[in-house]
Amino acid sequence: MQVIGILVVIQLSSLVSGLNNSNDPIIDEIDSMLKGAEFKHDYAYKIVDRIYNDFGRWLFTIIFCEFTYLENSILQYMETYDYGYPVMLLDGCPTRNGSRVRPKFRRHGVPAYVMTSPELSLESNDYFISALTRTGVWKPRSKVIFVLTRSVVTDGYFNYAMKSHFRSLWSSKITNTILIVWNKKMKIYTYNHFVDSVIDITHESDLNKVVDDQYRDFYGYELKLSVYKKNYIPDAKHPITCDSKLIRTIMEHFNSTCRVFFPRDNLAVGDLFENGTATGVTADLIDGYTDMELGSRILKSSYFGYIDTTYPLSNDDLCFMTLKRGRYSTFMSALVLISGKMFAIFVGNLFLFITIALIGILTTALTYPRLKPDINTLEELSKTNLILGIHSHHIRIFKDSLSSTLLKKFEHRIEIIEDEDFERVIDTRDARYALLMRHSDIDYIKKRQRNISNGVPIFHAIQECPVPCFVVSGLNYGSPHLPKLDKTLQLLSQGGIFKFWHQSLEYDLYTEGNKVLFLGENKVTKPLDLAVLQSVFYLWFGGIVVSTIVFIIEMSCHLNFLHLYVPCAGD
626 MQVIGILVVI QLSSLVSGLN NSNDPIIDEI DSMLKGAEFK HDYAYKIVDR IYNDFGRWLF
686 TIIFCEFTYL ENSILQYMET YDYGYPVMLL DGCPTRNGSR VRPKFRRHGV PAYVMTSPEL
746 SLESNDYFIS ALTRTGVWKP RSKVIFVLTR SVVTDGYFNY AMKSHFRSLW SSKITNTILI
806 VWNKKMKIYT YNHFVDSVID ITHESDLNKV VDDQYRDFYG YELKLSVYKK NYIPDAKHPI
866 TCDSKLIRTI MEHFNSTCRV FFPRDNLAVG DLFENGTATG VTADLIDGYT DMELGSRILK
926 SSYFGYIDTT YPLSNDDLCF MTLKRGRYST FMSALVLISG KMFAIFVGNL FLFITIALIG
986 ILTTALTYPR LKPDINTLEE LSKTNLILGI HSHHIRIFKD SLSSTLLKKF EHRIEIIEDE
1046 DFERVIDTRD ARYALLMRHS DIDYIKKRQR NISNGVPIFH AIQECPVPCF VVSGLNYGSP
1106 HLPKLDKTLQ LLSQGGIFKF WHQSLEYDLY TEGNKVLFLG ENKVTKPLDL AVLQSVFYLW
1166 FGGIVVSTIV FIIEMSCHLN FLHLYVPCAG D
């Protein structure tokens, strides 16, 4: 057996030697294919090794159209590297009808996308960009790794084409990208949009961190802010511009410049309707006309997939605002409390006494005003005849937030009003309305000098708010600025700075030395009830007793006076 093995080895050696010395073109082609396969094998391993070490704990989404040896090697290495790694393979080929591909497996955390194909080049990346977004699972701000399978020459044209490639990705909102090429060895590039520069990161130890860190410094890059003016708060301080302490702090933290834009349709924060159309600031953010909005919108689930919002750090519920009821006569309340039994007694045997008592009660009620209790619950509001003034872009979430019982009580009293109507009701102090507004806006309106009478605000916020909401800021969907803005706001929130600015400095018209000139309502009101009504009887009884004593004293004095000055019989 050993002799046979030696003979086989000798024969194989001679065969290989003969092949190496052969000038057969078929043999040369086979040799070049083997060398090409070895190159692809080594290239694929280095790609996976680098990706795995820099993007650990990620689930990779590999998008291929043509599945060749290199793509198969990348996929195989990713599945077997170390302890193995999960990979989701998506079809990136275009469909004739332009429909989206809907993979069965869609819940995959935060993916990194690896795109490669024999047809991929710096000049023809538009097709691959559309293939990426057409899969239906594209998540903005995810890392996208482009792998060029053919060797490149790093000359001036290559640098120009590479910059054009990254600019095209940025315009398509694919902002966290890496390019891997081969030029005698593997080289890795990324792009910093703020300085318009391609950066060689081949020797960086952590590619993931390098890509994320490019948004730490904007190098004076201009950020377009959406601002809007609330018609029912017509002060010079509004709308909030770049002079706001919050915006100025964020711009300094970003190292960016600020430029404000008003809504193109002259509306306010705007809304997103079921037919897909949007208005106000929402429309500006959806189509990229502006980058972000820091004026604190109301968080709605309907915005998902259309704009991005920051993490909610504080509440700003939607509450009803009414006019304070103030002092009023207890005459009508006392009259209502007269029951049928009391009326029967009124016409009975004690007619005279009860008549005198009722006259005293009603007279005292007319001259003894009480504080009428303000509405503080939705149940109390439902028992009034107030009109519920609700803005058009709040009506949907208002109805969704109410129970079926309350909605049935309120639905015939709801009136959809716009910004101009809010201003009219507030300026005319129309007592027929209860306006649904943000709690921060109600607080501001209450503190305005024109809305304070004798040190007490004339408006009242109902304590039970029907729509719990959060203060968030909006950004263009897929905006790369979201992580940075979220972190900045969280830092401001940790020390209570953000909350302080939102509650006071945003509306600092009546603050001085960090002290609010009007500190709110601290008065204790005494509502009208049976106990209060009893006090009327006590007062009446006390009045009768005092009057009787005074009458007796006066009569005694009068009799004594007559006795002292009785004339003599002879006079």
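Start counting the sequence shown at 626; every next residue gets the next number (my numbering). Note that the Cβ used here is the ideal one computed from N, Cα and C, for glycine as well.
Enumerate in chain order the residues of its own chain whose CB-to-CB distance from residue i is below 7 angstroms, with the five nearest sequence positions on each side excluded.
i: V1092; result: D942, L943, I1022, F1023, S1026
i: D999; result: K949, R950, H1085
i: F791; result: T802, Y816, V823
Considering just the uninterrupted stretch of the beta strand (DSSP E) at residue i, what are its terminal residues?
i: E1040; result: 1039-1042
i: N817; result: 811-817
i: V1097; result: 1095-1101
i: K849; result: 847-851
i: D909; result: Here D909 belongs to no beta strand (DSSP E); instead the alpha helix (DSSP H) covers 905-911.
i: I1067; result: Segment 1064-1072 is the alpha helix (DSSP H) holding I1067; no beta strand (DSSP E) there.
i: I1012; result: 1012-1016
i: S822; result: 822-825
i: L948; result: 943-948
For residue i, is the classification buried or exposed, using 16 other Cβ atoms within 10 angstroms of its Cβ as the cut-off for buried?
i: N1101; result: buried
i: G1120; result: exposed
i: D868; result: exposed
i: P1082; result: buried
i: Y853; result: buried
i: A1056; result: exposed
i: N750; result: buried
i: F1176; result: exposed
i: P888; result: buried
i: G845; result: exposed
i: V1170; result: exposed
i: S1029; result: exposed
i: C1182; result: exposed
i: L794; result: buried
i: G895; result: buried
i: F1123; result: buried
i: Y1163; result: exposed
i: Q839; result: buried
i: G1080; result: exposed
Quick one: Cα of residue i to Cα of residue j, how far?
i: I1070; j: D912; result: 33 angstroms
i: E1040; j: E877; result: 44 angstroms
i: D667; j: I872; result: 51 angstroms
i: I799; j: M740; result: 13 angstroms
i: M787; j: V823; result: 8 angstroms
i: T1009; j: T866; result: 40 angstroms
i: V820; j: R675; result: 26 angstroms
i: E744; j: N940; result: 52 angstroms
i: I875; j: H818; result: 19 angstroms
i: E748; j: P765; result: 23 angstroms
i: N774; j: V1096; result: With the sequence shown as reference, residue 774 is identified as Thr, and Asn is not the correct amino acid for it. Going by the C-alpha atoms only, they are around 48 angstroms apart.
i: V1103; j: V906; result: What sits at residue 1103 in the sequence shown is Gly, not Val. The alpha-carbon atoms of G1103 and V906 are separated by roughly 16 angstroms.
i: R884; j: L938; result: 25 angstroms
i: F1125; j: L1116; result: 13 angstroms
i: P1108; j: N833; result: 14 angstroms
i: E829; j: K870; result: 37 angstroms
i: L1221; j: Y785; result: One cannot answer for residue 1221 here, as it falls past the ends of the chain, which runs 626 to 1196.
i: R1075; j: S1065; result: 18 angstroms
i: Y782; j: K768; result: 26 angstroms
i: G901; j: S755; result: 22 angstroms
i: V835; j: K1112; result: 17 angstroms
What does a CB cutoff of less than 6 angstroms around residue i pick up in its chain, not counting 5 residues either side in sequence?
i: M946; result: L1060, M1062, I1067, F1084, A1086
i: G1099; result: L910, E918, R922, I932, T934
i: N808; result: V777, T779
i: S1007; result: K1034
i: I1042; result: G1014
i: S881; result: F843, Y846, L848
i: Y1058; result: I1012, G1014, V1050
i: Q1088; result: N1001
In the DSSP assignment, the alpha helix (DSSP H) including residue i goes from what residue to what residue?
i: L1110; result: 1107-1119
i: L832; result: 832-838
i: F771; result: Segment 768-773 is the beta strand (DSSP E) holding F771; no alpha helix (DSSP H) there.
i: G781; result: 781-796
i: T874; result: 870-879
i: R1021; result: 1020-1026
i: L1031; result: 1029-1035
i: L804; result: Careful: L804 lies outside any alpha helix (DSSP H), inside the beta strand (DSSP E) at 802-807.
i: S1007; result: 1003-1007
Give me, in chain order, the residues of the same chain whose beta-carbon lies closer than 8 angstroms to that of residue i; leave out the 5 immediate sequence neighbours on both sides.
i: H1019; result: I923, L943, L1061, V1092
i: F886; result: K849, L850, S851, V852, D909, Y914, T915
i: D825; result: K812, I813, Y814
i: L1184; result: none
i: R1038; result: N1010, L1011, I1012, L1013
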